[in-house]
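For the record, in the sequence shown the residue sitting at position 20 is 22 according to my numbering, with numbers rising by one throughout.
By construction, the Cβ of each residue, glycine as well, lies at the ideal position given by its N, Cα and C atoms.
Given the structure is predicted, the values throughout are model-derived calculations rather than measurements.
Shown next, in structure tokens, is the structure this report addresses.
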Amino acid sequence: MLSLLAATAAVSEPIQWAELGLRPYLFEIGGFQLRYYSLAYLFGILLGYWHLSKMIKSHGSPMAQRHADDLFFYCTLGVILGGRLGYAAFYKADLLTSIELFKLWGGGMSFHGGVIGVLVAITWVARRGNLNWLRVCDYIAVNVPLAYMLGRIANFINGELYGRPVESDVAWAMVFPGGGDVARHPSQLYQAGLEGLLLGVVLIALFWLTRARYRPGLLVGLFTVGMGVGRFVNEFFREPDAHLAYVVAETGLSRGQWLSLPMIAVGLAVMVYAIAKKPIGTTKAPAAQTA
């Protein structure tokens with residue numbers, strides 16, 4: 003009995019992140035480090051480009067390969083510039099007047115800012131190529147969650163953006179070096195699983211196994227709702243940035259949750275619009291006129 007109690011106590015001990023043998027970089031040469039966070043962005047964008055190239059070969063594609071190539075370039079810029087400027091605008095305004103704004107390797111990217119940057123990129127490519135903007139958004143949205151998942155896994159490997167202290171015994175609670183000796187939620191993995199893997203699998207399945215692609219706006223609307231709801235829920239487990247803790251204290255919600263609410267509303271509106279309209283390719287041809 004004593005041995006059983008001892009084993010139970012051992013299991014209830016939080017996991018020490020420092021003992022997992024993780025480090026934020028793959029290798030280091032001189033002063034240069036190839037960091038997993040950079041690799042996550044690189045592989046996420048390349049994975050999205052590869053899958054998008056597969057998608058546009060299917061029936062009913064709204065674009066050609068040359069448009070996918072343009073989107074690859076401009077969306078990459080949108081993610082990086084939008085993500086960084088969004089972080090400064092939404093979370094740390096003092097960066098806007100500091101040289102630190104350009105030090106991307108120091109961390110600090112906003113998902114919501116990245117979304118805005120990608121929308122600007124899509125708008126630019128769609129207008130230049132005379133493409134259906136909403137359908138292009140559908141095709142891009144399918145590829146975002148899995149790339150997002152890689153980014154959150156990189157956050158976990160870095161030991162950053164950890165969660166709030168656990169309020170009850172949680173077998174997977176972890177002690178992160180930057181969070182003191184308190185057992186916390188590994189919220190990076192929650193986000194990787196919910197907003198990344200789960201949403202990505204759902205969108206990919208809907209694209210390949212259903213006719214959702216023929217309802218312009220349905221996939222991007224579902225993506226927007228899924229990311230908004232996932233972020234809103236996961237923010238209850240994620241530790242707010244120290245300089246934004248007052249937002250939670252004053253309003254009960256974090257800055258990320260407030261930014262997610264309009265995402266959910268817009269996503270629902272787009273989904274309703276997509277479902278209300280007839281799928282493309284189903285309009286009946288006018289009856290032939292007889293003399």
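Buried or exposed by the 16-neighbour rule on C-beta atoms within 10 Å, applied to residue i
{"i": "Y76", "result": "buried"}
{"i": "A287", "result": "Per-residue confidence for A287 stands at a pLDDT of 45, beneath the threshold of 50, marking its modelled position as unreliable; no derived number is given."}
{"i": "Y38", "result": "buried"}
{"i": "A267", "result": "exposed"}
{"i": "L263", "result": "exposed"}
{"i": "A276", "result": "buried"}
{"i": "A11", "result": "At A11 the pLDDT is 47, less than 50, meaning the model places this residue with poor confidence and gives no usable figure here."}
{"i": "P179", "result": "exposed"}
{"i": "P209", "result": "The amino acid at residue 209 is misidentified as Pro; the sequence shows Phe. Classification for F209: buried."}
{"i": "G254", "result": "exposed"}
{"i": "L136", "result": "buried"}
{"i": "Q259", "result": "buried"}
{"i": "F158", "result": "buried"}
{"i": "G32", "result": "exposed"}
{"i": "D140", "result": "buried"}
{"i": "E252", "result": "exposed"}
{"i": "L22", "result": "exposed"}
{"i": "V117", "result": "buried"}
{"i": "L261", "result": "buried"}
{"i": "A42", "result": "buried"}
{"i": "A156", "result": "buried"}
{"i": "A175", "result": "buried"}
{"i": "E30", "result": "exposed"}
{"i": "G84", "result": "buried"}
Assumed close pair residue i, residue j - CB separation to whole angstroms, cut-off 8 Å
{"i": "H187", "j": "F239", "result": "4 Å"}
{"i": "L98", "j": "R86", "result": "Not really, about 10 Å apart at Cβ, beyond 8 Å."}
{"i": "V127", "j": "H69", "result": "6 Å"}
{"i": "P281", "j": "Y192", "result": "P281 to Y192, Cβ: 35 Å. No contact."}
{"i": "A123", "j": "L196", "result": "The Cβ separation is near 26 Å, so there is no contact."}
{"i": "L28", "j": "L36", "result": "5 Å"}
{"i": "G269", "j": "A149", "result": "Not a contact, Cβ separation roughly 19 Å."}
Pair within 9 Å by beta-carbon distance, residue i and residue j
{"i": "L54", "j": "I142", "result": "yes"}
{"i": "Y89", "j": "G119", "result": "no"}
{"i": "G182", "j": "P147", "result": "no"}
{"i": "L133", "j": "P218", "result": "no"}
{"i": "V235", "j": "M265", "result": "no"}
{"i": "Q190", "j": "R154", "result": "yes"}
{"i": "V204", "j": "L220", "result": "no"}
{"i": "V172", "j": "W19", "result": "no"}
{"i": "V250", "j": "G202", "result": "no"}
{"i": "A194", "j": "M151", "result": "yes"}
{"i": "P26", "j": "N160", "result": "yes"}
{"i": "V222", "j": "V184", "result": "no"}
{"i": "P16", "j": "V138", "result": "no"}
{"i": "R92", "j": "R257", "result": "It should be noted that the sequence gives Phe, not Arg, for residue 92. Yes; because the gap between Cβ atoms is below 9 Å, this pair is in contact."}
{"i": "K94", "j": "G80", "result": "no"}
Residue i - containing beta strand (DSSP E), residue span
{"i": "I31", "result": "27-31"}
{"i": "F34", "result": "34-37"}
Element boundaries [alpha helix (DSSP H), containing residue i]
{"i": "R129", "result": "113-131"}
{"i": "F75", "result": "67-92"}
{"i": "Y275", "result": "257-278"}
{"i": "G202", "result": "201-211"}
{"i": "P147", "result": "135-160"}
{"i": "S100", "result": "Run containing S100: none; DSSP gives neither H nor E here."}
{"i": "A247", "result": "247-253"}
{"i": "Y192", "result": "189-193"}
{"i": "V231", "result": "220-236"}
Residue i beta carbon near the ligand COA (any heavy atom closer than 8 Å)
{"i": "I142", "result": "With respect to the ligand COA, the structure offers nothing, as it holds no ligand at all."}
Does the segment 161-172 touch the segment 40-50, meaning 3 or more C-beta pairs lie closer than 8 Å? no
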